[in-house]
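Colleague: So in this note's numbering, the last spot in the sequence shown is 561, and the numbers never skip. For glycine and all other residues, C-beta sits at the position ideal for the given N, C-alpha and C. Quantities reported herein were computed from a predicted structural model and do not represent experimental measurements.
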Amino acid sequence: MAHEDWTVDRLHVALPHSASRQQLLQDVNLTPIEDLPAVLDGWASAAEQLESARPRIEAARAHMKARGVLPDDLESRDVTADVLRDAEPRQGNRDDHGRGAA
């Protein structure tokens, strides 16, 4: 799916975890309008990466279910630091943490 095809609703549905869906909605609601296109482009890129990884994820899930172990060729590493680093620009660009539009 190209960036042009994404809507906030489609992004919301494409994200696999409630925490990431909640972060998307928070970003959309708290980002200044002039910064919103860049924020949404970042979310679209993340959703596209997830969509492209879906076949490998499903194959690994089926392999695990059938054999009880992950496939040998599957790279596994803790990506927590990557996720936190990638989240920083979205959170760091706002100097109005916690303030609503009202």
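(1) For PRO530, which residues of its own chain have a beta-carbon under 7 Å away from its beta-carbon, when the five flanking residues on both sides are left out?
(2) Enumerate in chain order the residues of its own chain whose CB-to-CB distance from ARG480 is below 8 Å, with the five nearest sequence positions on each side excluded.
(3) Got a sec, what are the start and stop residues for the alpha helix (DSSP H) PRO514 sits in?
(4) Let's see if you can read the secondary structure: which residues bound the alpha helix (DSSP H) around ASP532?
(5) Compute the Euclidean distance between the alpha carbons of ALA561 and ARG515, then round it to the nearest angstrom.
(6) On the premise that TRP465 lies in contact with ALA503, defined as a C-beta separation below 8 Å, what is that separation, rounded to the nearest angstrom?
(7) What first and last residue would you give for the alpha helix (DSSP H) that runs through HIS471?
(8) With a 10 Å radius around its C-beta and 16 neighbouring C-beta atoms as the bar for buried, classify LEU483 as buried or exposed.
Modeller: So, from the data block:
(1) ALA519 and HIS522.
(2) Excluding positions up to five away in sequence, the list reads HIS471 and LEU474.
(3) In the DSSP annotation of this structure, the continuous segment of the alpha helix (DSSP H) that includes PRO514 starts and ends at 495 to 526.
(4) Per DSSP, ASP532 lies in no alpha helix (DSSP H) and is assigned neither H nor E.
(5) Low confidence applies to ALA561: its pLDDT is 45, below 50, so where it sits in the model is not reliable, and the reading given next is rough at best. The alpha-carbon of ALA561 is positioned some 44 Å away from that of ARG515.
(6) Yes, ALA503 and TRP465 are in contact; Cβ-Cβ is about 4 Å, under 8 Å.
(7) Start and end: 467 to 473.
(8) Around the CB of LEU483, 16 or more other CB atoms lie within 10 Å, so the residue is classed as buried.
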